[in-house]
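All remarks here apply to the structure that follows.
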Amino acid sequence: MKNWQKIFKNGEIEVISAAEMQALGRALAAGLEGGEVIGLVGDLGAGKTHLAQGIMEGLGASDPAASPTFSLVHEHTDGRLAVAHFDFYRMKSADEALGMGWDEYLQNGAVLLVEWADRFDGALMPEDTHWLVLRHTGENTRSVRLCS
Ligand SMILES: Nc1ncnc2c1ncn2[C@@H]1O[C@H](COP(=O)(O)OP(=O)(O)O)[C@@H](O)[C@H]1O
Ligand SMILES: [Mg+2]
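Using numbering that gives the first Met the number 0, you'd call the opening residue of the sequence shown number 0 and step up by one each time.
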């Protein structure tokens, strides 16, 4: 993930459109090697899904727009690296995540993209999680910060 340091070298990134958020995701994808856990944090509409979709696109997933909103997790195994996209928003408890095999996902070598990763006080997230914190800065602008 060497290129992540380069991308975030000035701290917070200002992203001026939804398309640019996806482009940032594609750039971040280039540095992934497999097994990384990425926590996406920010309010509704902050751009977590756009960023996740860009990362999945960059990894070569054929259906990056498939959403985990109703299924809690969506797996993509046809790209350069396997990636599992989670959304904890609708999860009622950490136990629900454990019941769907969260521990296995942590060990199977896939890149894990987790929206609302800070739910349940972040208790489900491993220590080496890469946290991306998104913020509204205007109608069409967002900031993204890496807090590793
Ligand atoms: N700079 C930007 N980056 C990301 N999304 C943006 C931006 N500007 C406007 N948007 C809009 O904000 C919304 C972000 O939605 P989404 O990615 O689903 O956010 P989240 O998953 O955090 O709720 C979309 O409607 C998108 O078109
Ligand atoms: Mg979302």
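Just so it is clear, CB atoms sit at the ideal spot from N, CA and C, and this is done for glycine as well. As the structure is a prediction and not an experimental result, all values here were calculated from the model.
Counting only runs of 4+ residues, the alpha helix (DSSP H) found wholly inside the region 5-53 occupies 17-28, in chain order. Of the candidates Phe119, Asp94, Arg89, Arg89 places its Cα closest to the Cα of Leu43. By the C-beta density criterion, Asp86 is buried, having at least 16 other C-beta atoms within 10 angstroms.
Contact annotation: Gly53 and Arg141 have beta-carbon atoms that are not nearer than 8 Å. Contact between the region 93-100 and the region 14-32 is absent: fewer than three C-beta pairs spanning the two stretches fall below 8 Å. At least one heavy atom of ligand 1 lies less than 7 Å from the C-beta of Met20.
In the structure shown, the three-state DSSP call for Leu145 is strand. Counting along the chain, no alpha helix (DSSP H) covers Asp77, and no H or E run does either. Assignment of Asp86 by DSSP, reduced to helix, strand and coil, places it in the strand class. The DSSP assignment places no complete alpha helix (DSSP H) segment of no fewer than 4 residues inside the region 102-140. Between the C-alpha atoms of Ala28 and Val36 there is a straight-line separation of about 12 Å.
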